[in-house]
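One structure is given here, and the rest of the page talks about it.
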Amino acid sequence: MIPEIVVKIVVINGADAIKIVFNKPTVEAKILCSTADTSAFAKKEELGGSILNSTRAGFSQALDVSAYSLLAVAKAGANILNNPASIVTLTYMGSDRALPNYNTMGIAKAALESSVRYLARDLGQVGVRVNAISAGAMKTLAVSGIKGHADLLKISQSETVDGVNVTKEKEGNTCAFLMSDLATGLTGDVIFVDKGVHLR
């Protein structure tokens, strides 16, 4: 008999959202997706200009929503994850390079990727893998919150290896792979799904 597999997709913008999701009765889960879209909540002045203009409140929000949320979701979901299981989150290459109009989000994404590695180490002991997808620029709510997002999309397209932007479907295919038993050897990794833009 094929066991029932539950996929929980969690969009987090605070502790209350986490409680709502995980307080509901459920069967054991094999897959947990966590995505926190801080740029949709952040003020544009926190993303553009000089990083020196970042406020304590804006910086704290970016780290809380985009980085700590993964730890909170993993902790809250630990009791429903069976062995083996997979956690996947989303990041962006602004984590390891200084990109214009990304500022506090870049710092938050760096913290998120570091959290992936620490979670992979600790949760691996109970059969849970943790990975991140670093997606290319696409028309999303997150990108629309970045100043000059139209130019960003054009530049991203020009820097792909084939001159065509990555799609949500390609990102989704990679996510499905990371969640599957085909990827049982992968944990603590950041997988680029940007058609080579990160090579520049």
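In this text, residue positions in the sequence shown follow my numbering: the first is -3, and each later residue adds one. All residues carry an ideal CB built from backbone N, CA and C; glycine is no exception.
Terminal residues of the beta strand (DSSP E) in which ALA131 lies: 124 to 131
Beta-carbon proximity list for ASP118, same chain, < 6 Å, skipping 5 on both sides: none
Alpha-carbon spacing of GLY168 relative to LEU43, whole angstroms: 27 Å
Top-ranked residue by Cα proximity to ASN161, from ALA179, VAL189, ASP177 and MET175: VAL189
Nearest residue (CA-CA) to ALA128, options ALA74, ILE83 and GLU41: ILE83
Enclosing alpha helix (DSSP H) for ILE100 [first to last residue]: According to the sequence as given, residue 100 is Thr; it is not Ile. Per DSSP, THR100 belongs to the alpha helix (DSSP H) from 99 to 119.
Under 9 Å between C-beta atoms of ILE103 and LEU59: yes
Element boundaries [alpha helix (DSSP H), containing SER82]: Unbroken run through SER82 is the beta strand (DSSP E), 77 to 87; no alpha helix (DSSP H).
GLY192 to THR85 span [Cα, whole Å]: 20 Å
Alpha helix (DSSP H) segment containing VAL69, residue limits: 65 to 73
Beta carbon proximity, ALA72 to chain D, threshold 9 Å: Going by chain labels, chain D is absent from the structure shown, which holds only one protein chain.
Nearest residue (CA-CA) to THR207, options VAL157, SER154, GLN153 and GLY132: Look at the range of the chain in this structure, -3 to 196, and you will see that residue 207 is not part of it.
Sequence-distant residues of the same chain with beta carbon closer than 6 Å to VAL124, five excluded per side: LEU77 and ALA81
Proximity of VAL126 and ALA70 at Cβ, strictly below 9 Å: yes
Collapsed DSSP secondary structure at VAL160 in the structure displayed: coil
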